[in-house]
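Sequence positions in the sequence shown follow my numbering and run 879 to 1142.
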Amino acid sequence: MPNLNRSPFILTAFLIVLAGCSGHPVTPGTTDAPDAATSTTTDRDTPQSMLAPGLTDSGVTDAWALAQAHRDSLANTTYTERSQRTVHANGTLRRAVTTTLRQGQNEQYVYERHAYGTAAALPNLTVFRNASTLVQRTSYRNGTVAYSGPETASTPATEHYGNVYAVLSASPTTVEASFERNGTTRYRVTSTGPPTTSSAYAGVSNYTMTAHVGPDGLVHEYTISYAAIRDGQTVTVSTAVQFTARGETVVQPPEWGADALVNS
């Protein structure tokens, strides 16, 4: 998967732009979560081994339960979420958006977004928040820099936690293998066919998805790739999201924080 360098990803992950002039992290789309009382479990003729909440040896049987377990594993702790979404056409990078969310204690975080490529239109930005401060630094392609204070700074959509529900429910899946990393077991979950439940992927082809899931439900990482038609041209879209440094992420105020409050 892509080598990502990257807090309420702080959302995936998740695939994730901020509202207004700066957006939430770019994702291929979202699927609304079902009502808490609604089950997405698929009936099975024979009992299956439960590997993680909502995950059996035959694949994801309850995407909502697995997404909730993922959220719970990140609640009340620190973590780092990195995401990257790229769009290529005829071998040329049209757009790439990378985000890094470092989620600290007590709602403190640093969120960074960088965009590049021949069709990159979004400015680069960094958002810092703690219990008393919300500031943003925006860097435009012409070299100018602007600062925003609490009244106008953007807030990343951290409640999505990497958009994992939409990813896990989009297509049928299977558990391809299990492996050990850092002393814990992870399950490699892969798609077994095209998306069937998400309008975000209507008309796409060559769809693939791979996710690494822990026994507690944490989706450590996932990648998605597919081909689509954009403006009459075939493009390849790839998304990668990682959750790392759980319980080990430290957030430091940026050096420009004081300038942002003065110049906003």
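Ideal placement from N, C-alpha and C gives every residue a C-beta, glycine not left out.
- Looking from the CA of G932, the closest CA among P1073, E1099 and T1052 belongs to T1052.
- By the neighbour-count criterion, in which a residue is buried when 16 or more other Cβ atoms sit within 10 angstroms of its Cβ, E1029 is exposed.
- Residues V1005, F1006, G1027, P1028, A1031 and T1033 of the same chain have their beta carbon placed closer than 8 angstroms to that of L1012, with the five preceding and five following residues left out of the count.
- The beta-carbon separation of V975 and R960, rounded to 12 angstroms, does not stay under the 8 angstroms limit for a contact.
- Proximity of the segment 1104-1118 to the segment 935-948 falls short of the contact definition, fewer than three beta-carbon pairs being nearer than 8 angstroms.
- In the three-state DSSP reduction, L1000 falls in the coil class, being neither helix nor strand.
- With 16 or more other CB atoms across the displayed protein chains lying within 10 angstroms of its CB, R973 is buried.
- With a threshold of 16 other beta carbon atoms within 10 Å, V988 meets it and is buried.
- H1090 is bridged by DSSP to R1066 and E1099.
- Shown here for Y1085: same chain residues with a beta carbon closer than 7 angstroms to its own, the five before and five after excluded, namely S1049, S1069, P1072, P1073, Y1079 and Y1104 in chain order.
- About 7 angstroms separates the Cβ atoms of S1056 and R1064, confirming a contact at the 8 angstroms cut-off.
- Contact annotation: V1129 and G982 have beta-carbon atoms nearer than 7 angstroms.
- Going by DSSP, S951 is part of the alpha helix (DSSP H) stretching over A941 to L952.
- Ranked by Cα distance from V1119, the first of A1136, M1087 and D1137 is M1087.
- Here DSSP, grouped into helix, strand and coil, assigns G1040 to helix.
- Short of 6 angstroms from the beta carbon of G995, and not among the five residues preceding or following it, lie these beta carbons of its own chain, in chain order: L971, R972, R973 and A974.
- Y1079: not part of any beta strand (DSSP E); DSSP gives it neither H nor E.
- Using a Cβ distance threshold of 7 angstroms, V1097 and H948 count as a contacting pair.
- DSSP places Y989 inside the beta strand (DSSP E), whose first and last residues are Y987 to Y994.
- If you check the CB distance, T958 and A1089 do not come in under 7 angstroms.
- Sequence-distant Cβ neighbours of L952 in its own chain, meaning closer than 8 angstroms and more than five residues away, are Q981, Y1039, L1096, F1121 and R1124.
- By the neighbour-count criterion, in which 16 or more other beta carbons inside 10 Å mark a residue as buried, N1041 falls on the buried side.
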